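Chains as they are written, first to last, in full-length UniProt numbering: chain A, 1 to 338; chain B, 1 to 338.
No residue lacks a Cβ here, since even glycine has one placed at the ideal position from N, Cα and C.
Because the structure is a prediction, the values reported are computed rather than measured.
This report refers to the structure that appears directly beneath it.
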DNA sequence: ATATAAATTGGCAGCGCTGCCAAAACATCA
DNA sequence: TGATGTTTTGGCAGCGCTGCCAATTTATAT
């Protein structure tokens, strides 16, 4: 068997029409189950299509069908990363619910770079998707202009702290940060540190941090120590950062991590050094990764509804939801590390 | 500002042509930087396109351009899951290298279900992608027929244990299993157990298991105990399974997990019960997730080149590699748990 | 200045499909 | 039986773009 063996054209609707001895329009109607046609025509067409191995060409279909009727059945998705498990979870919810509605997702990964997002949006738009799903509320001016001009539905996921372009689905990162700080304060911690990755990149983490600091201030406290890392978030990085932080400010009694994977790394660091958690230092993460629930001491963290956000995004598009914000909230996971 | 405000048509190439006072073909040539055109024409077109906010319509472009020249610039991707971090890693390598070549990925998640894969392939094919990237070598007969008839490049990722349709990129799962068993045997373990998720679903895991058992047999051993789980692989599931296995066969001295996340869960279980690892029981995983390297005792596991597989898949398509298998191998991570 | 080669350009068919419309086939009623 | 309404059907334009080709402009050689 040879690849590329197909010499010329693939089977078209005209071939099926000839084979079934009906007109092209009839084939089109039967195959889409739209409009009226006789039972006999239906059978012949289906039979002929199967025999010929007809595969519809959706490029042609979307081009011909006026955008308003079906749209391209493509949905563009831009996420900042695939490394951070948060985003695959989002995707999972999104694609899972999207393809039950017959949509296909075209995805792009921006690497937390607004310029890259701009390029991706431009590129995705050229497929005339019926909707675009983005992450976060911050986009370049040009991206916003293009999005507006496209005249399609836009969903911005994850962050509800600010105005969106159309549909916004997520939770308040600020509130997550705030609630995390409140929890630590209520548990009696006072010399609280922060370990996070580059805040100028991950704007959601920055908002959590802002909420966190605000809660400290409201309680008459301030951040006791902090360690920022400029790598992509990972357990190894979290571990190193915690160790650096504790070396500089050994009396820190609790640490807030911008992400569970770093918190997990921090926890491993404590285990390795024989530090009691939370005796020596308390640890608090964010996102409630599955793994952290299986730990001997479950990590204290905040559950964010990632899968649900993806699902809600898909559903809002399918249902033609009105513009507006859908806040899915978050939930404290008490855990045993803070 | 209203969404859907665009009343009628979007800007087309004809609009740009009129604005720039050149012919449509010239616009097309300039915008694609193909063929020859004067400097002056180039400037006018670019300027007009920018002023009008022209967004090319790739549906039309791909339809018009004969498949052989550019193809649709879409690549269809089918992965079994987004939960298992293995697949986002694959995607990351793939999309990262793909969009530097101007390709966009349309993805589908099959949930380890061949029938679902069949549907997804059918659906993806209708976008006339220039290539399809699948996971694994096993597909339904109809899928294979369709793939062959499509006349496009096919990449099958991850598994090299068998014949592929066109390009195969991955490693030998059988060999991974075999090498894992060899390692345990060489380290002196004799009463070896297995914890894995449903082997009828995850065919790669099944092949690893087969290689593992073969190595045991060759050494005159047999599997001492095993515990299969039918949930999706996770740390919690791994922990529970290990505990169940140790309850049934307390003298098991080493356990092979089909996946690192389960191994990690198992490790947590041991920590929780105060069992020495590897004193009480040794643990060996698969895939070398990032996290496991940050553990106080790094997990003993097998590093599989997931990112590289995605990259190699993208590259082989971009370069028009010949049909064949690219084996990227794997690497033992000695770790400290086995 | 003229002939010839090279670069640039626009027109138009056609990619495969769907929407529209008028024609044909069938059903219903007086 | 003919008239009227209803369902089914096929033809054809056109979605926005690119490939091809012939026409035009420009550069080079004689």
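Return the CA-CA distance between residue 184(B) and residue 244(A), expressed in angstroms with no decimal places. Going by the C-alpha atoms only, they are around 36 Å apart.
Cα-Cα separation between residue 198(B) and residue 126(A), rounded to whole angstroms: So the alpha carbons of these two residues sit roughly 42 Å apart.
Going by DSSP, which residues form a beta bridge with residue 302(B)? Looking at the DSSP assignment, residue 302(B) forms a beta bridge with 332(B).
Looking only at C-alpha atoms, which of 142(B), 280(B) and 188(B) sits nearest to residue 249(B)? Cα-wise, what sits closest to residue 249(B) is 280(B).
Just to check my reading of the structure: residue 196(A) and residue 209(A) have Cβ atoms closer than 8 Å, yes? What is that Cβ distance to the nearest angstrom? Going by Cβ atoms, the distance from residue 196(A) to residue 209(A) rounds to 6 Å, so yes, they are a contact pair.
Going by DSSP in three states, residue 287(B) sits in which element: helix, strand or coil? Under the three-state reduction of DSSP output, residue 287(B) falls in the strand class.
Under 7 Å Cβ to Cβ from residue 13(B), same chain only, skipping five residues before and after it: list those, please. These residues qualify, in order along the chain: 24, 27 and 28.
Tell me the rounded alpha-carbon separation between residue 108(B) and residue 336(A). Approximately 38 Å between the Cα atoms of the pair.
Could you give the first and the last residue of the continuous alpha helix (DSSP H) run that contains residue 180(B)? Start and end: 173–186.
Check the Cβ-Cβ distances between residue 301(A) and every residue of chain B, and say whether any is below 9 Å. Not one chain B Cβ lies under 9 Å of residue 301(A).
Which residues of chain A have a Cβ atom closer than 9 Å to the Cβ of residue 72(B), listed in chain order? Result: 59.
Taking the alpha carbon of residue 65(B) as the reference point, which residue from 80(B), 130(B) and 43(B) has its own alpha carbon closest? When each option's Cα is compared against that of residue 65(B), the closest is 130(B).
Evaluate residue 69(B) with the Cβ neighbour count: other Cβ atoms within 10 Å of its Cβ, from every protein chain shown; 16 or more gives buried, anything less gives exposed. A caution first: residue 69(B) carries a pLDDT of 48, below 50, which makes its placement in the model unreliable, though a value can still be read off. Label assigned to residue 69(B): exposed.
Under the rule that 16 or more other beta-carbon atoms within 10 Å means buried, what is residue 211(B), buried or exposed? Buried: at least 16 other Cβ atoms inside 10 Å.
Touching by the beta-carbon criterion (3+ pairs, under 8 Å), the segment 72–85 of chain B and the segment 44–54 of chain B: No, they do not touch.
Answer yes or no: do residue 305(B) and residue 329(B) have a C-beta to C-beta separation smaller than 9 Å? Yes; because the gap between Cβ atoms is below 9 Å, this pair is in contact.
Leaving out five residues on either side along the sequence, give the residues of the same chain with a beta carbon under 6 Å from the beta carbon of residue 288(A). Taken in chain order, the residues that qualify are 301, 303 and 333.
Over what stretch of residues does the beta strand (DSSP E) that includes residue 131(B) continue unbroken? That run of the beta strand (DSSP E) goes 131–135.
In whole angstroms, what separates the C-alpha of residue 103(B) from that of residue 233(B)? Taking the CA atoms as reference points, residue 103(B) sits about 32 Å from residue 233(B).
Contact residues within the segment 18–33 of chain A, judged by C-beta distance below 7 Å to chain B: Closer than 7 Å at the C-beta level to chain B, one finds no residue of the segment 18–33 of chain A.
Indicate the three-state DSSP secondary structure (helix, strand or coil) for residue 108(A) in the structure shown. The answer is strand: DSSP assigns residue 108(A) an E or B state.
Expressed to the nearest angstrom, what Euclidean distance is found between the alpha-carbon atoms of residue 124(A) and residue 106(A)? If I take the Cα positions, the gap works out to 8 Å.
Secondary structure of residue 189(A), DSSP reduced to three states: Of the three classes helix, strand and coil, the one that applies to residue 189(A) here is coil, per DSSP.
Taking the C-alpha atoms as reference points, what is the distance between residue 296(B) and residue 225(B)? About 27 Å.
Confirm, please, whether the CB-CB distance from residue 191(B) to residue 150(B) is below 9 Å. In this structure, the beta-carbon distance from residue 150(B) to residue 191(B) does not fall below 9 Å.
Residues within the segment 325–338 of chain B neighbouring chain A, beta-carbon criterion of under 7 Å: Cβ contacts with chain A: none found.
List the residues of chain A whose Cβ lies closer than 9 Å to the Cβ of residue 196(B), in chain order. Scanning chain A for C-beta atoms nearer than 9 Å to the C-beta of residue 196(B) yields nothing, as the closest lies near 17 Å away.
So, at 6 Å on beta carbons, what are the nonlocal neighbours of residue 215(B) in its own chain, with the 5 sequence-adjacent residues on each side left out? Around residue 215(B): 178, 181 and 182.
Do you know how far the Cα of residue 291(B) is from the Cα of residue 163(B)? C-alpha separation (whole angstroms): 33 Å.
Tell me where the beta strand (DSSP E) around residue 13(A) begins and ends. It is not in any beta strand (DSSP E) - residue 13(A) instead sits in the alpha helix (DSSP H) that spans 13–20.
Using a Cβ cut-off of 9 Å, pull out every chain B residue sitting near residue 95(A), in sequence order please. The contacting residues are 82, 107, 108 and 109.
DSSP three-state call for residue 99(B): helix, strand or coil? Three-state result, residue 99(B): helix.
Let me confirm a value: residue 227(A) is counted as buried when at least 16 other C-beta atoms fall within 10 Å, else exposed. Which label applies? Using a 10 angstroms sphere on the CB of residue 227(A), the tally of other CB atoms reaches 16 or more, which defines it as buried.
How big is the Cα-Cα spacing for residue 171(A) and residue 262(A)? Taking the straight line from one Cα to the other gives about 21 Å.
Alpha-carbon spacing of residue 118(B) relative to residue 167(A), whole angstroms: CA-to-CA, the gap between residue 118(B) and residue 167(A) works out to about 33 Å.
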